[in-house]
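Student:
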Amino acid sequence: MNPSRNHSTETQNARILIVEDDPEVGDGLEDFFSIKGYSVSRAADGETALQEITTLPPYDVVLLDVVLPEKDGFEILREARKAGVDSPVIILTVKGQDKHKLRGFDLGADDYVTKPFNAEELAARVRAVLKRSRDEDDDGNTYSFGDITVDFTSHTAEKTGDDVEFTTLEFDILEYFINHRGRTVSRKQLLRDVWGISGDITTRTIDRHVASLRKKIETDPTDPEYIETVYGIGYKFTG
C-alpha cells in the first residue's frame with residue numbers, strides 16, 4: 006500500500022472500524038486510513054468485532070472481513086443489523102463470486118470489495134458510503150410524491166413530517182425507481198445497476214428489499230400505489 010497524505014475534509018473525525026484477522030493486512034489498512042485522517046479502531050475476531058460494532062457511539066463505517074475466528078463476517082453482519090446497527094458496512098473478502106456478494110447485500114452490506122484490492126479504490130468506496138450516510142445541507146435536490154419527500158443529497162426522507170429510516174440499499178433502490186419513474190424496471194436491471202451484479206442470477210433478494218421499501222412508503226403495502234409489480238418482469242414506479 007502507498008498511503009497518500011492528502012486529507013479529505015469528508016474523512017476528518019470519521020470513525021472507522023477495521024475487522025481483519027491478518028495482522029499484516031490490518032496494520033496496512035490502519036496506517037493507510039490513519040494517514041487519510043480517520044480515527045481507526047481494530048478488531049481481529051468475530052466476538053470482539055460484534056461487541057465493537059454494537060457499542061455506542063456507532064462507527065461511521067465498518068470494513069468487515071468475512072473469514073474470521075469465532076464468528077464469520079456474514080454472521081456478524083446479520084447480528085449487527087438485527088440489533089439495529091445502521092453503520093455502513095463494506096465487506097472485504099477473497100470470496101468474490103456473485104452468490105457471496107448477494108448474500109452480503111441481502112444481510113445489509115453497503116458495498117463489497119474482493120481481495121486483493123487497491124487501497125485508493127477502497128478509500129473511494131469508503132468516502133462514497135460516508136457521503137450517502139451523512140446529512141448534507143442542500144435543499145435543491147429533493148423529490149416529493151404523495152406525503153413523502155426524498156432528499157437525494159442527504160439520503161434522507163420524510164413522510165408527513167416524520168423521518169423515514171431506510172437502509173442504504175433501500176434508498177438506492179428508491180432513488181433508482183424515481184430516476185426511472187414511469188418505466189418498467191427489470192430485476193436484472195436492479196441487480197446490475199444498484200448491486201453491480203450480473204443479472205444472470207435468479208434471486209429473490211430484490212423482491213425482499215422492495216417489500217421492505219413498500220412497508221415504509223405505501224399506505225397499504227399489499228395494494229401498492231407507487232411501486233407496482235409488473236408480473237414476469239419487475240417493477241414500475243408511478244409516484
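All residue numbers for the sequence shown refer to our numbering, where the first residue is 6 and numbers rise by one. Heads up, the beta-carbon is just placed ideally off N, CA and C, and yes, glycines get one too.
#1: Using CA atoms only, rank isn't needed, just tell me which of G201, D225, T224, Y236 is closest to D212.
#2: Using the three-state DSSP reduction, which class does A19 fall into: helix, strand or coil?
#3: In three-state terms, what does DSSP make of E84?
#4: Could you give the residue range of the beta strand (DSSP E) that holds T234?
#5: Determine the DSSP secondary structure at L112, reduced to helix, strand or coil.
#6: Can you name the start and end residues of the alpha helix (DSSP H) that E52 belongs to?
#7: If I follow the unbroken alpha helix (DSSP H) through V131, where does it start and stop?
#8: Using 8 angstroms as the limit for Cβ to Cβ distance, is F79 near chain B?
#9: Give every residue of the same chain whose Cβ lies closer than 8 angstroms to the Cβ of L82, excluding the five residues on either side of it in the sequence, and list them in chain order.
#10: Drop a sphere of 10 angstroms on the beta-carbon of R192, count the other beta-carbons inside from all chains shown, and report buried for 16 or more, exposed for fewer.
#11: Mind reading off the beta-carbon distance from L73 to D26? Whole number of angstroms is fine, and I expect it under 8 angstroms.
#12: Thinking C-beta only, is I183 closer than 8 angstroms to Y240?
#13: Quick check on L107: does DSSP put it in helix, strand or coil?
#14: If you pair each beta-carbon of the segment 214-231 with each one of the segment 165-175, do three or more pairs fall below 8 angstroms?
#15: Considering only the alpha carbon of each residue, which of T158, S159, K164, N146 lies closest to D152?
#16: Rounded to whole angstroms, what is the Cα-Cα separation between Q102 and Q56?
#17: Using the Cβ count rule (16 or more neighbours within 10 Å means buried), how would you classify E233?
#18: Using a Cβ-Cβ cut-off of 8 angstroms (strictly less than) and excluding sequence neighbours within five positions of V215, which residues of its own chain qualify?
#19: Could you tell me the boundaries of the beta strand (DSSP E) in which D36 lies?
Tutor: Taking the structure as given:
#1: Looking only at G201, D225, T224, Y236, the smallest Cα-Cα distance to D212 is reached by Y236.
#2: DSSP places A19 in coil when its eight states are reduced to three.
#3: In the structure shown, E84 sits in a helix (DSSP, three-state: H, G or I).
#4: That run of the beta strand (DSSP E) goes 232-235.
#5: Note: L112 maps to coil in three-state DSSP.
#6: That run of the alpha helix (DSSP H) goes 51-58.
#7: For V131, the enclosing alpha helix (DSSP H) stretches over residues 124-138.
#8: The chain inventory of the structure shown lacks chain B, comprising one protein chain alone.
#9: Once the five neighbours on either side are set aside, the close Cβ partners of L82 are L69, V94, I96, G109, L112, G113, A114.
#10: Burial state of R192 is buried, judged by a 10 Å Cβ sphere holding 16 or more other Cβ atoms.
#11: Rounded to the nearest angstrom, the Cβ distance from L73 to D26 is 5 angstroms, consistent with a contact under 8 angstroms.
#12: Pairing Y240 with I183 gives a Cβ-Cβ distance that is not under 8 angstroms.
#13: L107 falls in the helix class under three-state DSSP.
#14: Touching, yes, given that three or more Cβ pairs across the two stretches are closer than 8 angstroms.
#15: Selection T158, S159, K164, N146 evaluated against D152 yields K164 as nearest (Cα-Cα).
#16: In this structure, the straight-line span from the alpha carbon of Q102 to that of Q56 is close to 28 angstroms.
#17: Residue burial annotation: E233 is exposed, with fewer than 16 other C-beta atoms found within 10 angstroms of its C-beta.
#18: Only I178, I232, Y240 meet the Cβ criterion.
#19: Annotation: D36 is outside any beta strand (DSSP E); the continuous alpha helix (DSSP H) that includes it extends over 28-40.
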